[in-house]
Structures are given as structure tokens and as C-alpha cells.
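Enquirer:
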Amino acid sequence: MNAQEKVWKVIRGLNEFTADDVVVLTGLQRATVAVYLSTLHKAGYLRISGKKRQQAIYRMVKNTGPKAPIQRRCLYDPNTKKLMYFEVKEKGKCLKSFKNK
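For the sequence shown, the positions run 34 to 134 when the numbering used here is used.
(1) Would DSSP call Q37 helix, strand or coil?
(2) Roughly how many angstroms lie between the CA atoms of K39 and G83, to the nearest whole one?
(3) Please check the pair A36 and L73, which I expect to be a contact at CB under 8 angstroms, by giving their CB distance rounded to whole angstroms.
(4) Here's the rule: buried if 16 or more other CB atoms are within 10 angstroms of the residue's CB, otherwise exposed. What is P102?
(5) Is T51 near I81, with beta carbons less than 8 angstroms apart?
(6) Got a sec? Which residues, its chain only, sit under 7 angstroms from N96 by beta carbon, not counting five neighbours each side?
(7) Below 6 angstroms CB to CB, which residues in the same chain sit around V43 once its five sequence neighbours on both sides are set aside?
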């Protein structure tokens, strides 16, 4: 199980959580967790519901299924088979990053 799969599995079972909560439950480095949570937030999977000790408190708002969305230059959701990109200028790079794998 890779880092994104570990994070996704943990957060699907939590009502609200911080990056530190996920770090404790997955054993991953904080930077790894923070980047993935930020990407999920930008893509609309997570909502920030408040702050706790200067940290964002996240809540899952788009639970599309058991497979973790895959982060590269964009986000691919294997549950919905949809590609999410955040800026139009990144679309070409995003598509290439998945075609080469």
C-alpha cells in the first residue's frame, strides 16, 4: 500500500481530522500527508471545517469509493475514472503524466 492509499483509507473512516491525526494513524511523514490533503482539498474532496492549534481541521465531502485518488501533476480518481486538474495550463502535463505510466 502506497502513501496515498494509506491516507485515503484512514480519512475515509474519520469524521474530522488534522494532518497530525493522519500522521499518527499512518506513520507517514507530515510533509507527505500535508501535500496529499492539500491536493484533495483543492480538488473538492475535503472541506476545512475549522482550526485546531493552528492546523486545518478537515472533513471529507466527496468520498467516491475505496480506491485512493492518485496525485501526480493533477488528480485521477480511479473510482469515478475522472481526471481533476486545477489550472487549464496544466491540463496537457496532467494528461501526459498518466499516459506515461
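We put the CB at the ideal spot given by N, CA and C, even for glycine.
Expert: Taking the definition as stated:
(1) The residue you call residue 37 lines up with position 4 of the sequence shown. Helix, per DSSP.
(2) The count along the sequence shown starts at 1 and reaches residue 39 at position 6. The count along the sequence shown starts at 1 and reaches residue 83 at position 50. Those two C-alpha atoms are separated by around 24 angstroms.
(3) By 1-based counting over the sequence shown, the position of residue 36 is 3. By 1-based counting over the sequence shown, the position of residue 73 is 40. That pair is no contact at about 13 angstroms.
(4) If you number the sequence shown from 1, residue 102 lands on position 69. Its Cβ being crowded by 16 or more others within 10 Å, P102 is buried.
(5) Taking the sequence shown and counting its residues from 1, the one referred to as residue 51 is at position 18. Taking the sequence shown and counting its residues from 1, the one referred to as residue 81 is at position 48. No, the pair does not count as a contact, with Cβ atoms beyond the cut-off.
(6) The residue you call residue 96 lines up with position 63 of the sequence shown. Exclusion of the five residues before and after N96 leaves R45 as the residues of its chain whose Cβ lies within less than 7 angstroms of its Cβ.
(7) Reading the sequence shown from its first residue, position 10 is the one you call residue 43. Correct list, in chain order: V55, L58, T59.
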